[in-house]
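Each number in this note's numbering corresponds to the 1-based position in the sequence shown with 106 added.
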Amino acid sequence: MTQRLLVVEDEDHLAAGLKLNLELEGYEVDVAGTAREASEKLVQPEGYDALVLDVMLPDLDGFELCQRLRKAGHFVPVIMLTARSSAEDRVRGLEAGADDYMVKPFSLDELLARVRSMLRRREWEAQNGEHESATLSFGQVVVDFDTHEVSVGGEPRKLTQLELDLLRYFAENAGRVVSRDELLQKVWKLRNYSQTRTVDNFLSRLRRHFEPDPKAPIHFLSVRGAGYKFLPDP
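Here's what the structure looks like:
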């Protein structure tokens, strides 16, 4: 089945270029120029497999749109595009629930690679729905990977699909040191990818979700020069 993408971009020339190149990759692509138009398309029954979302939209910025989608229970993978390159903006995009974040001008080849990576994760998730690690409990955390229900001390939390994928991989490899390269290959489905800060940023997100004190983690530990280790029962 052809995978469907939605490009949310108000610059017509850029939207047209993205649509053309994504269609050449074999995807079915729709375009929306505003957050309102994107919201209307996203509620259509056929749905989308991924969302390419510009931050600067005329009616509502991409951060807010992404946040609203996550709060409404839409977990479609999202790549955010922005002309703003500050670390604060990148963190804000990831905090809003984006799975990836690219700064304009960007390499078209890299964007296509990241889209392929997100879609591979989605396919893997669909094929492995009946998974041994359907639930996870540690500390005050309870996670149901099938229903996306997450709670900490009885309070619900919203996680993106990529955050859940990363958490599941750690759970399956509890107590073992896993390198950034391994995580990029197994979770992001990327090989020979040098942006290791991507992994670091997502580890910070898991710590903020689950650690009693994110600055002094006891579950998600950094192992200097080697990677990370998950300890459900420190």
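All residues carry an ideal CB built from backbone N, CA and C; glycine is no exception. These numbers were taken from a predicted model, which means no experiment stands behind them.
| Terminal residues of the continuous beta strand (DSSP E) containing A277? | Along the sequence shown, read from residue 1 onward, the residue named residue 277 stands at position 171. Segment 267–278 is the alpha helix (DSSP H) holding A277; no beta strand (DSSP E) there.
| Integer Cβ distance of L112 from A141, believed to fall under 8 angstroms | Numbered from its first residue, the sequence shown carries residue 112 at position 6. Numbered from its first residue, the sequence shown carries residue 141 at position 35. Contact doesn't hold; Cβ gap of about 12 angstroms is too wide.
| Could you give the distance in angstroms between the alpha-carbon of G281 and the alpha-carbon of E288? | Residue mapping note: residue 281 aligns to position 175 of the sequence shown, counting from 1. Residue mapping note: residue 288 aligns to position 182 of the sequence shown, counting from 1. If you take the alpha carbons of G281 and E288, they lie about 15 angstroms apart.
| request: Mind listing, in chain order, the continuous alpha helix (DSSP H) runs of no fewer than 4 residues lying wholly within the segment 110–162? | output: For the alpha helix (DSSP H) assignment, the uninterrupted runs of no fewer than 4 residues enclosed by the segment 110–162 are, from N- to C-terminal side, 118–130, 141–148.
| Going by DSSP, what residues sit across from K264 in a beta bridge? | In the sequence shown, the residue the question calls residue 264 occupies position 158. Its beta-bridge partners do not exist; DSSP assigns none.
| query | From G245 to D339, what does the alpha carbon distance come to, in whole angstroms? | reply | By one-based count along the sequence shown, residue 245 stands at place 139. By one-based count along the sequence shown, residue 339 stands at place 233. Rounded to the nearest angstrom, the two C-alpha atoms are 7 angstroms apart.
| task | Return the CA-CA distance between P323 and R313, expressed in angstroms with no decimal places. | result | The residue labelled residue 323 in the question sits at position 217 within the sequence shown. The residue labelled residue 313 in the question sits at position 207 within the sequence shown. Cα to Cα, the separation comes out at about 7 angstroms.
| field | F326, DSSP secondary structure in three states | value | Taking the first residue of the sequence shown as 1, we reach residue 326 at position 220. When DSSP states are grouped into helix, strand and coil, F326 belongs to the strand group.
| task | Would you list the residues sitting across from T241 in a DSSP beta bridge? | result | The residue you call residue 241 lines up with position 135 of the sequence shown. The bridge partners DSSP lists for T241 are D250.
| According to the Cβ coordinates, are K335 and L327 closer than 7 angstroms? | Indexing the sequence shown from 1 puts residue 335 at position 229. Indexing the sequence shown from 1 puts residue 327 at position 221. Cβ atoms of K335 and L327: closer than 7 angstroms.
| said: Less than 7 angstroms between the beta carbons of D205 and T266, yes or no? | reply: Locating residue 205 in the sequence shown gives position 99, where the first residue counts as 1. Locating residue 266 in the sequence shown gives position 160, where the first residue counts as 1. Between D205 and T266, the gap from beta carbon to beta carbon is short of 7 angstroms.
| request: Return the chain-ordered list of same chain residues with a C-beta closer than 6 angstroms to the C-beta of H237, the five sequence neighbours on each side being excluded. | output: For the purposes of this step, residue 237 is taken as residue 131 along the sequence shown, with counting starting at 1. The predicted position of H237 is uncertain, since its pLDDT is 46 and thus under 50; a value taken from the coordinates is nonetheless stated next. Same-chain partners within the cutoff: there are none.
| said: Which of the three DSSP states is assigned to T108 in this structure? | reply: The residue you call residue 108 lines up with position 2 of the sequence shown. If DSSP states are grouped into helix, strand and coil, T108 belongs with coil.
| Using the rule of at least 16 other Cβ atoms within 10 Å of the residue's Cβ for burial, across every protein chain shown, is D160 buried or exposed? | Numbered from its first residue, the sequence shown carries residue 160 at position 54. Counting every other CB atom within 10 Å of its CB across the protein chains shown gives D160 a total of 16 or more, marking it as buried.
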